[in-house]
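**Student:**
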């Protein structure tokens with residue numbers, strides 16, 4: 001498929017898997033960057049797209065002297081394309097990583113097809129700029145190259161990571177957050193009003209979370225880079241942040257509890273009615289129904305809550321594909337009394353309406369390089385609980401992270417007993433930093449090609 005935006009195109013967008021986040025990014029660039037033309041393939045049969053898309057694009061992309069920049073995702077074997085089409089080799093070649101195949105989880109090591117990761121390494125070697133959607137994605141890829149190449153029986157290449165690293169940069173995936181005000185329940189509207197009234201303080205907090213715009217990699221904490229390399233972290237000792245918040249709220253010495261009309265008093269009144277006190281905690285899990293999202297951990301945890309006679313409501317959203325893990329059918333029966341929504345919601349309004357009604361959003365992922373669904377849920381006012389690994393420490397403060405299945409169960413157990421704690425909590429995640437508004441200049445600069453000369 002091709003779509004032309006003007007008669008003088010100079011940015012060639014090539015996407016071998018035009019679906020999901022890949023489609024969202026291509027559409028954003030087409031709509032907002034002048035002079036783009038896109039060539040895409042439908043988001044089907046991912047493995048064949050990775051193997052053969054270059055041959056298709058060799059024939060479908062017409063020759064043109066107007067091209068200046070070639071932008072593609074790492075699904076495409078860029079090395080093959082520029083070898084088959086030497087006229088494209090002279091362009092500024094930008095490779096964007098939504099995910100990387102060197103650490104993408106497989107059930108058995110034997111199942112990892114060497115060719116996919118090998119294609120990505122070759123693509124990096126011929127690209128001029130290699131862009132990752134997160135620091136975790138970049139560090140996990142670069143630090144895995146040497147080990148990955150040792151799977152070759154002999155003649156192992158050396159120091160490929162050192163060749164590729166100077167080309168690398170991070171430009172987070174840009175989200176277009178919708179206005180969800182009309183979907184928000186009263187307690188979330190009250191909480192949002194309280195957050196706006198403290199905008200100066202919130203801005204200061206968010207500023208601490210943002211990486212330097214001039215040199216984001218210079219400010220990338222070594223601790224998080226280490227997490228990207230090691231993935232597994234030690235359990236976090238001590239009591240959880242929510243327990244401490246609850247103690248503070250209950251304490252008569254808390255000045256905010258002494259005023260009759262303080263902001264928290266107003267918020268408390270807004271959630272102490274039927275909606276805030278008697279309505280069970282609403283948990284949402286908005287992820288793909290695949291093994292790498294670890295649904296087994298989610299349902300195992302929820303069944304423990306059920307066994308302990310804890311009340312909660314559940315929405316399991318996300319897309320399904322050919323091979324749905326069996327645990328979903330089992331959980332549908334065992335958790336039937338708790339289920340509010342089950343399955344993919346094709347309507348964006350319906351999807352965001354459920355997120356707005358939910359209290360807590362949970363990730364149990366074994367693989368996550370960015371996490372669009374979690375940020376969308378936070379935008380809708382959900383309290384996040386994420387693994388203390390993968391990309392999550394890069395985006396979410398420590399109070400929203402759990403290290404072990406036991407910690408996840410304990411956190412959810414506490415929230416089931418005190419759902420009002422989640423409902424009144426001011427979420428300390430700077431979603432604005434991941435919006436298209438904040439990131440568009442970076443993408444526009446990447447695609448202008450100004451000042452670029454191919455060596």
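Residue numbers (UniProt numbering): 1 to 455.
Even for Gly, the Cβ is constructed at its ideal location relative to N, Cα and C.
(1) Quick one: what's got a C-beta closer than 8 Å to residue 200's C-beta in the same chain, skipping five residues either side?
(2) Mind pulling the beta strand (DSSP E) runs of 3 or more residues that sit fully within the region 335-372?
(3) Select from 29, 93, 303 the residue whose C-alpha is nearest the C-alpha of residue 328.
(4) Could you give the distance in angstroms between the alpha-carbon of residue 273 and the alpha-carbon of residue 347?
(5) Does the Cβ of residue 434 have 16 or more other Cβ atoms within 10 Å, making it buried, or fewer, making it exposed?
(6) Please tell me whether residue 60 and residue 369 are closer than 8 Å, where the distance is taken between their beta carbons.
(7) Between residue 404 and the ligand MN, is there a pair consisting of the residue's CB and a ligand heavy atom that are separated by less than 7 Å?
(8) In whole angstroms, what is the alpha-carbon distance linking residue 271 and residue 392?
(9) Around the Cβ of residue 441, are there at least 16 other Cβ atoms within 10 angstroms (buried) or fewer (exposed)?
(10) So the alpha helix (DSSP H) residue 126 belongs to, where does it begin and stop?
(11) Between residue 386 and residue 355, which are expected to be in contact by the criterion C-beta below 8 Å, what is the C-beta distance as a whole number of angstroms?
(12) Which of the three DSSP states, helix, strand or coil, is assigned to residue 315?
(13) According to the neighbour-count rule (16 or more other Cβ atoms, all chains shown, within 10 Å of its Cβ), is residue 79 buried or exposed?
(14) Can you pull the DSSP bridge partners for residue 174?
(15) Among 75, 283, 431, 120, which residue has its Cα nearest to the Cα of residue 23?
(16) Rounded to whole angstroms, what's the CA-CA distance from residue 321 to residue 288? Just pull it up for me.
(17) On the CB-based measure, 16 or more other CB atoms within 10 Å of its CB, does residue 371 come out buried or exposed?
(18) So, using beta-carbon positions, are residue 73 and residue 17 closer together than 8 Å?
(19) How about residue 49 and residue 41: do their beta carbons lie closer than 8 Å?
(20) With distances taken from CA atoms, which of 290, 178, 136 is nearest residue 324?
(21) Would you tell me roughly how many angstroms separate the C-alpha atoms of residue 343 and residue 44, rounded to the nearest one?
(22) Return yes when the Cβ of residue 168 is within less than 8 Å of the Cβ of residue 149, no when it is not.
(23) On a CA-only basis, which of 82, 91, 124, 90 is nearest residue 463? Give me that one, please.
(24) Please report the residue range of the alpha helix (DSSP H) in which residue 47 lies.
(25) Exposed or buried, which one is residue 419 when buried takes at least 16 other CB atoms within 10 Å?
(26) So, with DSSP's three-state summary, where would you put residue 457?
(27) Given a threshold of 16 other Cβ atoms within 10 Å of its Cβ, counted over all protein chains shown, does residue 330 qualify as buried or as exposed?
(28) If I measure Cβ to Cβ from residue 244 and keep anything under 6 Å in the same chain, skipping five residues before and after, which residues do I get?
(29) Tell me where the alpha helix (DSSP H) around residue 22 begins and ends.
(30) Residue 340 and residue 314 - do their beta-carbons sit closer together than 8 Å?
(31) Let me know if residue 147 comes out buried or exposed under the rule of 16 or more other beta-carbons within 10 Å of its beta-carbon.
(32) In this structure, how does DSSP classify residue 459 when only helix, strand and coil are distinguished?
(33) Kindly indicate which residue of 32, 46, 282 has the alpha-carbon position closest to the one of residue 15.
(34) Let me make sure I understand the geometry here. Which of 57, 69, 422, 173 has the alpha-carbon closest to that of residue 360?
(35) Output the boundary residues of the beta strand (DSSP E) element that contains residue 282.
(36) Using only the alpha-carbon positions, how far apart do residue 410 and residue 404 sit?
**Tutor:** Judging by the given coordinates:
(1) With a pLDDT of only 44 at residue 200, under 50, the local geometry of the prediction cannot be trusted, and no value is derived from it.
(2) 339-342, 360-362
(3) 303
(4) Because the pLDDT of residue 273 is 45, which lies under 50, any placement of that residue in the model is unreliable, and the number read from its coordinates should be weighed accordingly. Residue 273 and residue 347: Cα-Cα distance of roughly 31 Å.
(5) buried
(6) no
(7) This structure lacks the ligand MN, and indeed carries no ligand of any kind.
(8) Low per-residue confidence applies at residue 271: pLDDT is 45, beneath 50, and the placement is therefore not dependable enough to give any value.
(9) exposed
(10) 114-126
(11) Not really, about 16 Å apart at Cβ, beyond 8 Å.
(12) strand
(13) buried
(14) Paired residues: none, contrary to the question.
(15) 75
(16) 8 Å
(17) buried
(18) yes
(19) yes
(20) 290
(21) 20 Å
(22) no
(23) In the structure as shown, the chain begins at 1 and stops at 455. Residue 463 is therefore absent and cannot be evaluated.
(24) 46-60
(25) buried
(26) With the chain running from 1 to 455 in the structure shown, residue 457 is simply not present.
(27) exposed
(28) Here residue 244 scores only 47 on pLDDT, less than 50, and its place in the model is too uncertain to base an answer on.
(29) 20-32
(30) yes
(31) exposed
(32) Look at the range of the chain in this structure, 1 to 455, and you will see that residue 459 is not part of it.
(33) 46
(34) 422
(35) 281-285
(36) 10 Å
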